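Asks:
Residue numbers (UniProt numbering): 1 to 247.
1. Expressed to the nearest angstrom, what Euclidean distance is found between the alpha-carbon atoms of residue 87 and residue 216?
2. In whole angstroms, what is the alpha-carbon distance linking residue 42 and residue 246?
3. Cα-Cα, which of 234, 222, 198, 220 is closest to residue 45?
4. What span of residues does the beta strand (DSSP E) with residue 28 cover, start to end?
5. What's the C-alpha gap between residue 70 and residue 27?
6. According to DSSP, which residues form a beta bridge with residue 133?
7. Can you have a look at residue 212 and say buried or exposed, based on whether 16 or more other CB atoms are within 10 angstroms of its CB?
8. Let me check one thing: in DSSP terms, what residues is residue 118 bridge-paired to?
9. Could you give the distance in angstroms between the alpha-carbon of residue 182 and the alpha-carbon of residue 120?
10. Give me whichever residues DSSP pairs with residue 6 in a beta bridge.
11. Under 8 Å by Cβ, that's how I've got residue 95 and residue 187 pegged, so tell me the actual separation to the nearest angstrom.
12. Starting from the Cα of residue 89, find the closest Cα among 112, 151, 78 and give me that residue.
13. Can you tell me the Cβ-Cβ gap for residue 83 and residue 35, rounded? I've got them flagged as a contact below 8 Å.
14. Mapping the DSSP letters down to three states, classify residue 157 as helix, strand or coil.
15. Roughly how many angstroms separate the alpha carbons of residue 104 and residue 242, rounded to a whole number?
16. By the three-class DSSP mapping on this structure, what secondary structure does residue 62 have?
17. Does DSSP put residue 125 in a helix, a strand or coil?
18. Please say whether residue 136 and residue 106 have beta carbons closer to each other than 7 Å?
19. Any idea which residues DSSP pairs residue 162 with across the strands?
20. If we count the other Cβ atoms within 10 Å of its Cβ and call it buried at 16 or more, is residue 190 buried or exposed?
21. Output the boundary residues of the alpha helix (DSSP H) element that contains residue 190.
22. Which residues in the same chain have their Cβ closer than 7 Å to the Cβ of residue 194, if we skip the five residues on either side of it in sequence?
23. Reducing DSSP to helix, strand and coil, say where residue 109 ends up.
24. Give every residue of the same chain whose Cβ lies closer than 8 Å to the Cβ of residue 154, excluding the five residues on either side of it in the sequence, and list them in chain order.
25. CB-CB under 8 Å to residue 99, same chain, minus the five flanking residues each way: which ones, in chain order?
26. Excluding the 5 residues flanking residue 150 on each side, which residues of the same chain have their C-beta closer than 7 Å to its C-beta?
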């Protein structure tokens, strides 16, 4: 892959955007590579850490040179939004580690992940209206879910940028680290905590949380029924009880 660096771990995949000369701008080739990553994680579910590294840029947005030439049929093809929706729907949890600007499509890529960790120099923003388009790769529905409708409308209507401190305060990110060197260890720490749980329970929990309201409580009941019959549930609960048993 030319636009991504991939690191394989037993329980996770680390994917780094790697177009520094273009400020990690999201072009058609990078989207194709993200689809390949998704295909891999759909076939063999693992945790995902998605980052731009710690060089002060996550993703400066979509490639404006390509975007300028796209027409209505390209918009209907959902080039970026389909890839981001696929990331959102991955079976196992995902974490975006953001250092520096995450703007336009770059911000929407971060929103597609389940959790976000960023450095103190991270910046989020949706400048699309200033370029004559809308934030069509997920921000119009994911941003309100994260920060509330009124605040999301303000950010989408004005293109105002949000710094790390505000992002933490409004719930756009889960954690902020002071130094770039702390970013990836903190993100891995979150994934380590997840990895302590049952993989099947993680998958079904994510499925339940992301399901529409009409699916509850039926989806919760069916998921719990599956887990109640899982051998790992019996093993984990037996170990818990044995640890608490008086010596």
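By construction, the Cβ of each residue, glycine as well, lies at the ideal position given by its N, Cα and C atoms. Since the model is a prediction, treat every value here as computed from it, not as a measurement.
Replies: Let me lay it out:
1. As a first step, residue 87 is located in the chain shown; it is residue number 87 there, counting from the start. As a first step, residue 216 is located in the chain shown; it is residue number 216 there, counting from the start. Approximately 23 Å, taken between the alpha carbons.
2. Against the chain shown, residue 42 aligns to sequence position 42. Against the chain shown, residue 246 aligns to sequence position 246. Going by the C-alpha atoms only, they are around 44 Å apart.
3. One-based indexing of the chain shown puts residue 45 at position 45. The option with the nearest alpha carbon to residue 45 is 198.
4. Here residue 28 corresponds to residue number 28 of the chain shown, with the count starting at 1. Here residue 28 belongs to no beta strand (DSSP E); instead the alpha helix (DSSP H) covers 28–43.
5. On the chain shown, position 70 is the one that residue 70 refers to. On the chain shown, position 27 is the one that residue 27 refers to. When rounded, the distance between both Cα atoms is 12 Å.
6. Reading the chain shown from its first residue, position 133 is the one you call residue 133. According to DSSP, which records beta bridges pairwise, residue 133 is partnered with nothing at all.
7. The count along the chain shown starts at 1 and reaches residue 212 at position 212. Exposed, by the Cβ-count rule.
8. Translated into positions along the chain shown, residue 118 becomes position 118. According to DSSP, which records beta bridges pairwise, residue 118 is partnered with 98, 176.
9. As a position in the chain shown, residue 182 is number 182, starting the count at 1. As a position in the chain shown, residue 120 is number 120, starting the count at 1. One C-alpha to the other measures close to 11 Å.
10. On the chain shown, residue 6 is found 6 positions in, with the first residue counted as 1. Paired residue(s): 15.
11. Translated into the one-based positions of the chain shown, residue 95 becomes position 95. Translated into the one-based positions of the chain shown, residue 187 becomes position 187. The pair is a contact, with the Cβ atoms about 5 Å apart (cut-off 8 Å).
12. The residue given as residue 89 occupies position 89 in the chain shown. Checked all of 112, 151, 78; the closest Cα to residue 89 is 112.
13. Taking the first residue of the chain shown as position 1, residue 83 is located at position 83. Taking the first residue of the chain shown as position 1, residue 35 is located at position 35. So it is a contact: roughly 6 Å between Cβ atoms.
14. The residue you call residue 157 lines up with position 157 of the chain shown. In this structure, residue 157 counts as helix in the three-state DSSP scheme.
15. By one-based count along the chain shown, residue 104 stands at place 104. By one-based count along the chain shown, residue 242 stands at place 242. Taking the straight line from one Cα to the other gives about 51 Å.
16. Taking the first residue of the chain shown as 1, we reach residue 62 at position 62. The answer is strand: DSSP assigns residue 62 an E or B state.
17. What you label residue 125 is simply residue 125 of the chain shown in a count that begins at 1. Here residue 125 sits in strand by DSSP.
18. Mapped onto the chain shown, residue 106 falls at position 106. Mapped onto the chain shown, residue 136 falls at position 136. No, Cβ-Cβ distance for residue 106 and residue 136 is not below 7 Å.
19. For the purposes of this step, residue 162 is taken as the residue at position 162 of the chain shown. Note: residue 162 sits in a beta bridge opposite 124.
20. On the chain shown, position 190 is the one that residue 190 refers to. Burial call: buried.
21. For the purposes of this step, residue 190 is identified with residue 190 of the chain shown, where counting begins at 1. Counting along the chain, the alpha helix (DSSP H) containing residue 190 begins and ends at 183–195.
22. Within the chain shown, residue 194 is the residue found at index 194, counting from 1. Once the five neighbours on either side are set aside, the close Cβ partners of residue 194 are 47, 93, 202.
23. As a position in the chain shown, residue 109 is number 109, starting the count at 1. DSSP places residue 109 in helix when its eight states are reduced to three.
24. On the chain shown, position 154 is the one that residue 154 refers to. Contacts found: 160.
25. Taking the chain shown and counting its residues from 1, the one referred to as residue 99 is at position 99. Closer than 8 Å at Cβ, skipping near neighbours: 51, 52, 53, 54, 55, 56, 57, 58, 118, 119, 121, 122, 180, 183.
26. On the chain shown, position 150 is the one that residue 150 refers to. None.
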